[in-house]
Amino acid sequence: MIAGHLNNLKLATLPDTLYSILSSAELSLNALQNQADGRYQMEGEQWFYTIGDAWTSPRQERHCEFHKQFLDIQLILRGEEIIAYSLLDASHLPCYEKKTDLFIVSQASLNNFIHLTEGEFVTFYPGELHQALCMVDEPKKVRKAVFKVPIDII
Numbered sequence: 002m003i004a005g006h007l008n009n010l011k012l013a014t015l016p017d018t019l020y021s022i023l024s025s026a027e028l029s030l031n032a033l034q035n036q037a038d039g040r041y042q043m044e045g046e047q048w049f050y051t052i053g054d055a056w057t058s059p060r061q062e063r064h065c066e067f068h069k070q071f072l073d074i075q076l077i078l079r080g081e082e083i084i085a086y087s088l089l090d091a092s093h094l095p096c097y098e099k100k101t102d103l104f105i106v107s108q109a110s111l112n113n114f115i116h117l118t119e120g121e122f123v124t125f126y127p128g129e130l131h132q133a134l135c136m137v138d139e140p141k142k143v144r145k146a147v148f149k150v151p152i153d154i155i
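In this note's numbering, each number is its position in the sequence shown, counted from 1, plus 1.
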C-alpha cells in the first residue's frame, strides 16, 4: 500500500509506472474533477479508470475486498472517506468473486485505517484487503476516480 496526494507525487515514492500514470497532465486533479462519470482508457494502455459518485456508509455495511490481477488506486476528487485495510496477504482467505478480479471476504479483520480527503489517494496491490467508502461522521457523497492497473506492468 502506498498513499499520497496527487499534487505532491514525489513524496509518495511510487513505482515508475504509477508515477507516470498519475503525473500525466490529462490526469491532473483539476482535469479529473471536471470529467464526466464513466470508464476511461487511454489509447494503447492496459490500465483504465472510472469516475463517479458514491455514498459513504457505516463500516459494518461495507464489504471487504481484494484483487488478484489489478492494483487499485483510489483517488478522492471531492469529499472524504475512511478506508480500512490489512497489511496481511488476503489471497488465502475464504472469498467469492463478485465480478472479474473483485474478491469479497465476508469475515475479515481490518485494523488499519486511512482518512482520505480531496486529492489524496491510496494504492492497494493484489492481495491487500481493503474496505472503501466508510463514512467519517455521517453518510456523505464522495466523488472518486478508481484506477485499475494490471500488476504485470508495474
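In this text, a Cβ means the ideal position worked out from N, Cα and C, and glycines have one as well.
task: Look at residue 104 and residue 149 and say whether their C-beta atoms are less than 9 Å apart.
output: The residue you call residue 104 lines up with position 103 of the sequence shown. The residue you call residue 149 lines up with position 148 of the sequence shown. Not a contact, by the Cβ cut-off of 9 Å.
- prompt: Are there 16 or more other CB atoms within 10 angstroms of the CB of residue 134, so buried, or fewer, so exposed?
  reply: The residue you call residue 134 lines up with position 133 of the sequence shown. Counting C-beta atoms within 10 angstroms of its own C-beta, residue 134 has 16 or more neighbours from the protein chains shown and is therefore classed as buried.
query: Starting from residue 19 and walking both ways along the alpha helix (DSSP H), at which residues does that stretch end?
result: Numbered from its first residue, the sequence shown carries residue 19 at position 18. 17-23 is the extent of the alpha helix (DSSP H) around residue 19.
message: Can you tell me whether residue 127 is buried or exposed? The criterion is at least 16 other CB atoms within 10 Å of its CB, across all chains shown.
response: Start at 1 with the first residue of the sequence shown, and residue 127 comes out as number 126. Here residue 127 is buried, its C-beta having at least 16 other C-beta atoms within 10 Å.
field: Beta-carbon gap between residue 74 and residue 22 smaller than 9 Å
entry: Here residue 74 corresponds to residue number 73 of the sequence shown, with the count starting at 1. Here residue 22 corresponds to residue number 21 of the sequence shown, with the count starting at 1. Yes, they are a contact pair.
message: Within the continuous alpha helix (DSSP H) that includes residue 31, where are the two ends?
response: Position 30 of the sequence shown, counting from 1, holds the residue named residue 31. In the DSSP annotation of this structure, the continuous segment of the alpha helix (DSSP H) that includes residue 31 starts and ends at 30-34.
- prompt: Do residue 27 and residue 57 come within 9 Å of each other at the CB atom, strictly closer than that value?
  reply: What you label residue 57 is simply residue 56 of the sequence shown in a count that begins at 1. What you label residue 27 is simply residue 26 of the sequence shown in a count that begins at 1. Going by beta carbons, residue 57 and residue 27 fall outside the 9 Å limit.
message: Need the endpoints of the beta strand (DSSP E) that residue 99 sits in, please.
response: To locate residue 99, count along the sequence shown from 1; it is residue 98. Residues 97-100.
- prompt: Are there 16 or more other CB atoms within 10 angstroms of the CB of residue 132, so buried, or fewer, so exposed?
  reply: Numbered from 1 along the sequence shown, position 131 holds the residue referred to as residue 132. Classification of residue 132: buried, given that the 10 Å Cβ count is 16 or more.
message: If the criterion is Cβ atoms closer than 9 Å, does the pair residue 130 and residue 66 meet it?
response: On the sequence shown, position 129 is the one that residue 130 refers to. On the sequence shown, position 65 is the one that residue 66 refers to. Yes, these two residues count as a Cβ contact at 9 Å.
message: Using 9 Å as the threshold, is the C-beta distance between residue 122 and residue 7 below it?
response: Counting from 1 along the sequence shown, the entry for residue 122 is found at position 121. Counting from 1 along the sequence shown, the entry for residue 7 is found at position 6. In this structure, residue 7 lies closer than 9 Å to residue 122 by Cβ.
message: Suppose the cutoff is 6 Å on Cβ atoms and the five residues either side in sequence are ignored; what does the same chain contact list for residue 94 look like?
response: Counting from 1 along the sequence shown, the entry for residue 94 is found at position 93. The residues are 106.
- prompt: Whole-angstrom Cβ separation of residue 143 and residue 116, contact assumed at under 8 Å?
  reply: If you number the sequence shown from 1, residue 143 lands on position 142. If you number the sequence shown from 1, residue 116 lands on position 115. Going by Cβ atoms, the distance from residue 143 to residue 116 rounds to 12 Å, so no, they are not a contact pair.
task: Would you give the residue range spanned by the beta strand (DSSP E) that residue 64 belongs to?
output: Position 63 of the sequence shown, counting from 1, holds the residue named residue 64. Careful: residue 64 lies outside any beta strand (DSSP E) and carries neither H nor E.
- prompt: In three-state DSSP terms, what is residue 27?
  reply: Position 26 of the sequence shown, counted from the start, is the residue given in the question as residue 27. Helix at residue 27.
message: Within the continuous beta strand (DSSP E) that includes residue 51, where are the two ends?
response: Looking up residue 51 in the sequence shown gives position 50. Counting along the chain, the beta strand (DSSP E) containing residue 51 begins and ends at 49-56.
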